[in-house]
Amino acid sequence: MTKLGLYLAQKSVNKAEVARKTGLTKARMNELTLNERSHLRAEELYLIALAIGVSPCELLEAFYGNIKLPDPISKSKKG
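So the sequence shown is numbered by the working numbering: it starts at 36 and just counts up by one.
Okay, here's the thing in structure tokens:
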């Protein structure tokens with residue numbers, strides 16, 4: 036299950052309802068929630084956030100909040 040799938044499950048969100056509200060197909064929703072190799076596009080994230088009544092920023096933080104900038108000090112030591 037993907038981060039989106041886990042998030043929607045924790046919030047008890049119906050994927051079919053999200054698909055209907057966003058215009059995404061049920062197949063695409065299944066791909067985004069079950070397939071780790073799928074790539075969530077910004078437009079899809081935004082539509083899903085609107086459909087479930089949360090800020091797109093909340094979804095970005097939930098899915099990608101662990102990403103950090105590289106340490107410039109260790110980068111300069113390599114060069």
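Here a beta-carbon is modelled for each residue, glycine too, at the ideal position from N, C-alpha and C.
query                                                                                                                            : result
By Cβ distance, which residues of its chain are closer than 7 Å to MET64, with the 5 residues on each side in sequence left out? : LYS50, VAL53, ALA54
Helix, strand or coil for THR37 per DSSP?                                                                                        : coil
For the alpha helix (DSSP H) containing VAL53, name the first residue and the last one.                                          : 50-57
Could you pull the start and end residues of the alpha helix (DSSP H) that LYS46 belongs to?                                     : Run containing LYS46: none; DSSP gives neither H nor E here.
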